[in-house]
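First residue of the sequence shown: 1095, per the numbering used here; consecutive thereafter.
Glycine is no exception: its CB is placed at the ideal position from the N, C-alpha and C atoms.
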Amino acid sequence: MKAFEGRIRPLGRRLHTLGLYILYWEKGRNFCLMWLVAPSLHIFTVLAVYKTVHVKRA
1095 MKAFEGRIRP LGRRLHTLGL YILYWEKGRN FCLMWLVAPS LHIFTVLAVY
1145 KTVHVKRA
């Protein structure tokens, strides 16, 4: 049974990632814009957090 589980689990993970890929592909048109916008937003949030942390320490 353990060997059987060992074979099933990686397959399950692959199916899971495949499902996520399909999900992203379905909403891809919206996500493309989000992926273009999100990195810059992340940079700004990281900078903001970094500045606030620096100000609090100073």
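- In the structure shown, the three-state DSSP call for Lys1145 is helix.
- Arg1107 and Val1147 have their C-alpha atoms some 38 Å from each other.
- Cα atoms of Ala1142 and Val1131: separation of roughly 17 Å, rounded to the nearest angstrom.
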